[in-house]
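Residue numbers (our numbering): 7 to 204. Ideal Cβ placement from N, Cα and C applies to all residues, glycine included. Note that the structure is a prediction, hence the values are computed from the model and not measured. Down below is the structure, laid out as structure tokens.
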């Protein structure tokens with residue numbers, strides 16, 4: 007099984023690339039989606055979040071209050087605190103899913119995460135793909151997608167690493183400053199290249 011990490015800043019095109027690869031037969035693990043699922047369903051993690059961030063972290067129905075938690079993390083400078091709670095559980099579950107997919111005979115396993123290179127290059131990956139895009143393009147895309155303000159997006163970007171400084175950790179770099187069609191073509195070509203190399 008080929009293991010690939012896909013990373014890049016908010017609005018850089020990670021999801022578009024992954025959706026293309028999914029159609030070409032890859033299994034994609036979206037770290038953000040899995041983290042949200044675990045924050046809702048993992049009792050131990052829920053308890054820790056409530057202890058650190060308060061009862062307001064979950065609504066009356068017991069569902070994660072994402073806007074409250076995002077406000078705590080990004081606007082109050084508590085991203086690291088939240089990551090310290092979520093990441094160990096996230097990577098433990100990722101490992102289990104990875105093993106399950108290997109048993110199922112999946113050929114390409116992709117881990118999509120903005121935080122992929124935060125502690126250097128993960129040793130278990132065969133390839134790392136980094137998506138880069140001009141900051142203004144990223145802001146415009148994210149505004150359209152998330153219906154959030156430019157200020158909120160800039161705040162989130164400021165909390166992410168400068169991905170231009172992480173190029174040396176990647177095997178492939180895709181610059182996504184063109185059209186959606188161009189990104190899809192680049193994604194398809196890269197997937198074929200990775201398959202051919204192994």
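Taking the alpha-carbon positions, what's the residue i to residue j distance?
| i | j | result |
| --- | --- | --- |
| residue 119 | residue 22 | 13 Å |
| residue 77 | residue 69 | 16 Å |
| residue 83 | residue 161 | 10 Å |
| residue 153 | residue 97 | 29 Å |
| residue 167 | residue 113 | 30 Å |
| residue 193 | residue 157 | 30 Å |
| residue 12 | residue 117 | 6 Å |
| residue 101 | residue 43 | 16 Å |
| residue 65 | residue 202 | 48 Å |
| residue 129 | residue 93 | 17 Å |
Taking C-beta to C-beta, are residue i and residue j nearer than 8 Å?
| i | j | result |
| --- | --- | --- |
| residue 59 | residue 165 | no |
| residue 40 | residue 99 | yes |
| residue 14 | residue 145 | no |
| residue 138 | residue 169 | yes |
| residue 26 | residue 190 | yes |
| residue 88 | residue 123 | no |
| residue 150 | residue 183 | no |
| residue 55 | residue 133 | no |
| residue 175 | residue 111 | no |
| residue 159 | residue 37 | no |
Short of 8 Å in beta carbon distance, which residues of its chain neighbour residue i, apart from the five on each side in sequence? Order them along the chain.
| i | result |
| --- | --- |
| residue 115 | 7, 8, 9, 10, 32, 33, 35, 104, 107, 108 |
| residue 155 | 149 |
| residue 91 | 51, 54, 55, 58 |
| residue 131 | 9, 10, 11, 117 |
Per DSSP, residue i is paired with what?
| i | result |
| --- | --- |
| residue 115 | 9, 33 |
| residue 3 | The requested residue 3 is not part of the displayed model; the chain covers only 7 to 204. |
| residue 178 | 135 |
| residue 70 | 64 |
| residue 14 | 137 |
| residue 124 | 126 |
If we define contact as Cβ-Cβ less than 8 Å, is residue i a contact residue for chain E?
| i | result |
| --- | --- |
| residue 146 | Here chain E cannot be found, since the structure has a single protein chain. |
If I measure Cβ to Cβ from residue i and keep anything under 6 Å in the same chain, skipping five residues before and after, which residues do I get?
| i | result |
| --- | --- |
| residue 195 | none |
| residue 85 | 79, 165 |
| residue 186 | none |
| residue 180 | 137, 192 |
With a threshold of 7 Å on Cβ separation, who are the neighbours of residue i within its own chain once the five nearest residues in sequence on each side are excluded?
| i | result |
| --- | --- |
| residue 19 | 137, 139, 182, 189 |
| residue 62 | 71, 74 |
| residue 147 | 17 |
Check the C-beta distance from residue i over to residue j and give it rounded, since I have them as a contact under 8 Å.
| i | j | result |
| --- | --- | --- |
| residue 45 | residue 197 | Their Cβ separation, rounded to whole angstroms, is 31 Å, which puts residue 45 and residue 197 out of contact at 8 Å. |
| residue 95 | residue 143 | With a Cβ gap of about 33 Å, residue 95 and residue 143 do not count as contacting. |
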